[in-house]
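Since the structure comes first, as structure tokens, the remarks are kept for the end.
There are 2 protein chains.
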Amino acid sequence: MINNKDIDFISNKLEFWNSLTITEKKQIISKSQLISYTKGKSVYDGLDDCRGLIIVKNGQLRTYILSDNGKEVTLYRLFHDEICIMSASCALNNMNFDLYIEAEKDSEIILIPTDIYSEISKNNIEVQKFTNKVTLTRFSDVMWIMEQILFMSFDKRLAMFLLDQSSIEKSDTIYMTHEDIAKHMGSAREVVSRMLKYFQNEGYVKTERGSIILKNKKKLQSITF
Amino acid sequence: MINNKDIDFISNKLEFWNSLTITEKKQIISKSQLISYTKGKSVYDGLDDCRGLIIVKNGQLRTYILSDNGKEVTLYRLFHDEICIMSASCALNNMNFDLYIEAEKDSEIILIPTDIYSEISKNNIEVQKFTNKVTLTRFSDVMWIMEQILFMSFDKRLAMFLLDQSSIEKSDTIYMTHEDIAKHMGSAREVVSRMLKYFQNEGYVKTERGSIILKNKKKLQSITF
Numbered sequence: 016m017i018n019n020k021d022i023d024f025i026s027n028k029l030e031f032w033n034s035l036t037i038t039e040k041k042q043i044i045s046k047s048q049l050i051s052y053t054k055g056k057s058v059y060d061g062l063d064d065c066r067g068l069i070i071v072k073n074g075q076l077r078t079y080i081l082s083d084n085g086k087e088v089t090l091y092r093l094f095h096d097e098i099c100i101m102s103a104s105c106a107l108n109n110m111n112f113d114l115y116i117e118a119e120k121d122s123e124i125i126l127i128p129t130d131i132y133s134e135i136s137k138n139n140i141e142v143q144k145f146t147n148k149v150t151l152t153r154f155s156d157v158m159w160i161m162e163q164i165l166f167m168s169f170d171k172r173l174a175m176f177l178l179d180q181s182s183i184e185k186s187d188t189i190y191m192t193h194e195d196i197a198k199h200m201g202s203a204r205e206v207v208s209r210m211l212k213y214f215q216n217e218g219y220v221k222t223e224r225g226s227i228i229l230k231n232k233k234k235l236q237s238i239t240f
Numbered sequence: 016m017i018n019n020k021d022i023d024f025i026s027n028k029l030e031f032w033n034s035l036t037i038t039e040k041k042q043i044i045s046k047s048q049l050i051s052y053t054k055g056k057s058v059y060d061g062l063d064d065c066r067g068l069i070i071v072k073n074g075q076l077r078t079y080i081l082s083d084n085g086k087e088v089t090l091y092r093l094f095h096d097e098i099c100i101m102s103a104s105c106a107l108n109n110m111n112f113d114l115y116i117e118a119e120k121d122s123e124i125i126l127i128p129t130d131i132y133s134e135i136s137k138n139n140i141e142v143q144k145f146t147n148k149v150t151l152t153r154f155s156d157v158m159w160i161m162e163q164i165l166f167m168s169f170d171k172r173l174a175m176f177l178l179d180q181s182s183i184e185k186s187d188t189i190y191m192t193h194e195d196i197a198k199h200m201g202s203a204r205e206v207v208s209r210m211l212k213y214f215q216n217e218g219y220v221k222t223e224r225g226s227i228i229l230k231n232k233k234k235l236q237s238i239t240f
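Protein chains in written order, with my numbering: chain A, 16 to 240; chain B, 16 to 240.
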């Protein structure tokens, strides 16, 4: 059960809200949950963990894939207001890949459990259109990161990553280890360290223990073109 | 306009067929086209080329992405009976990535133009469900190839590629240059050549000008585990 403010919030986010019957609306309201996660906690743990539609109330979630030997690659992030439908995998026909979501900052989400989402999907075309749209948004996110990984040289990718991170953190100092960055980028720590050393020699960044300071964002930006 | 045999074929493939009105069925039949492509011809040329839903009647299509400097990576193939919806991109909300399709063998497709597909999608939930399902099938294909590229060592990937290709061609001889293989795998020719030389030294394959003969499939198979 969620409160009135949260009902306002989700009814705004769920474009199909007005097409629901009063009973359906009541069902969603009574079954939805507000859940808090502290930074680093797992929010969604692969196909078997089919919990439902997630709407990010605040904080920041990271969606990633995971190899057998523990290598991670970040696919996309979810910020305030954004919706994840992949976490309702079992409500989606023919989805057969695993992905994982963790809280990258302390976060609050509203969860609409899979059973209720499946139920309202069955006979409501607006819900189907919504599912389609959100799925394609994520599909596009994945295609973007895939093209980046396959086609973009590593200096370009690292420069973009640092600039993105700096704008997310609203700070020129990025508190991440080389290992963290390698994880996000699906690369090896050595490769990240080598490129950061090059960036430092060029005066673009200054690396310190556990952090990287962006010294010349203009130059970093120029690499990304 | 398509003939009766093709109408039978598509009405079987389009799971929503029975939910259509007689007028809608007639519209689809009258607007659908049977198109032939010779091997190597372009079937779909990115977002601007929003031609419609493709059903493969026979032959083989290859879907790939393309970098600014002409590098290609194969995402998935479409065989007899299979459906591509990404080629109806403008009928899909929030799809914003480019992909390309070419005929990998002489092929025949049935094309349901975007305008008619969009039209029947608007008010028919079964069509929306179908769109959703086909989209997620392709999304899953892309995730699979992405995990392969990111997580699998190159010897494993190359062995799998050769075995797949051999089973597609129904032959132990694969008529492809190292350059062709590199293109398919999103790799460089040098990397492919180096690994094939290793495979040859191990007695798994024999490379000849323009072709590769699989000499020990069992061994190749054992690499893929």
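Positions of the beta carbon are idealized from the N, C-alpha and C atoms, including for glycine.
These figures come from a predicted structure and were not determined experimentally.
Look up residue i in the DSSP assignment and give the residues it is bridged to.
i             : result
residue 99/A  : 69/A
residue 135/B : The partner list for residue 135/B (beta bridge, DSSP) is empty, contrary to what the question assumes.
residue 78/A  : 91/A, 116/A
residue 60/B  : 115/B
residue 125/A : 49/A, 70/A
Confirm, please, whether the CB-CB distance from residue j to residue i is below 8 Å.
i             : j             : result
residue 21/A  : residue 62/A  : no
residue 59/A  : residue 102/A : yes
residue 80/B  : residue 107/B : no
residue 65/A  : residue 99/A  : no
residue 7/B   : residue 150/A : This structure cannot settle anything about residue 7/B, because the visible part of chain B is limited to 16 through 240.
residue 171/B : residue 70/B  : no
residue 127/A : residue 67/A  : yes
residue 175/B : residue 227/B : no
residue 169/B : residue 110/B : no
residue 158/B : residue 112/A : yes
residue 182/B : residue 229/B : no
residue 200/B : residue 161/A : no
residue 45/A  : residue 125/A : no
residue 72/B  : residue 123/B : yes
residue 90/B  : residue 195/B : no
residue 39/B  : residue 135/B : yes
residue 233/A : residue 143/B : no
residue 206/B : residue 214/B : no
residue 12/B  : residue 34/B  : Given a span of 16 to 240 for chain B in the structure shown, any question on residue 12/B remains unanswerable.
residue 235/B : residue 178/B : yes
residue 96/A  : residue 185/A : no
From the DSSP output, in three-state form, read off residue i for me.
i             : result
residue 146/A : helix
residue 35/A  : coil
residue 24/B  : helix
residue 43/B  : helix
residue 141/B : helix
residue 107/B : coil
residue 234/A : helix
residue 130/B : helix
residue 19/B  : helix
**Asked** Any residues in the stretch 197 to 222 of chain A with a beta carbon nearer than 8 Å to a beta carbon of chain B? Which ones, in chain order?
**Response** Within the stretch 197 to 222 of chain A, the residues whose Cβ lies closer than 8 Å to some Cβ of chain B are 201, listed in chain order.
**4-residue-minimum alpha helix (DSSP H) runs that sit fully inside the stretch 152 to 231 of chain A, ordered along the chain** = Counting only runs that start and end inside the stretch 152 to 231 of chain A, the alpha helix (DSSP H) elements of at least 4 residues fall at 169 to 184, 193 to 200, 204 to 216.
**Request:** Can you give me, in chain order, the residues of the stretch 141 to 162 of chain B that have a beta carbon less than 7 Å from any beta carbon in chain A?
**Result:** Contacts with chain A (Cβ-Cβ distance below 7 Å) from the stretch 141 to 162 of chain B involve 143, 144, 146, 147, 148, 150, 151, 152, 154, 155, 157, 158, 159, 161, 162, listed in chain order.
**Request:** With 7 Å as the limit, tell me which residues of the stretch 67 to 84 of chain B have their beta carbon closer than that to any beta carbon of chain D; keep them in chain order.
**Result:** Among the protein chains of the structure shown, namely A and B, there is no chain D.
**Message:** Under 8 Å, CB to CB, which of the residues in the stretch 94 to 113 of chain B have a partner in chain A?
**Reply:** Taking 8 Å as the Cβ-Cβ cut-off against chain A, the residues of the stretch 94 to 113 of chain B that qualify are 107, 108, 109, 110, 111, 112.
**Item:** Members of the stretch 162 to 187 of chain A near chain B, C-beta cut-off 9 Å
**Value:** When CB distances to chain B are screened at a threshold of 9 Å, the residues of the stretch 162 to 187 of chain A falling below it are 162, 164, 165, 166, 167, in chain order.
**Residues in the stretch 19 to 47 of chain B having any Cβ partner in chain A nearer than 9 Å** = Those would be none; no residue qualifies.
**Request:** Note down, in chain order, all residues in the stretch 127 to 139 of chain B with a beta-carbon under 8 Å from any beta-carbon belonging to chain A.
**Result:** Of all residues in the stretch 127 to 139 of chain B, the ones placed with a Cβ closer than 8 Å to any Cβ belonging to chain A are 138, 139, in chain order.
**Message:** Beta carbons nearer than 7 Å to chain B: which residues of the stretch 227 to 238 of chain A have them?
**Reply:** Cβ contacts with chain B: none found.
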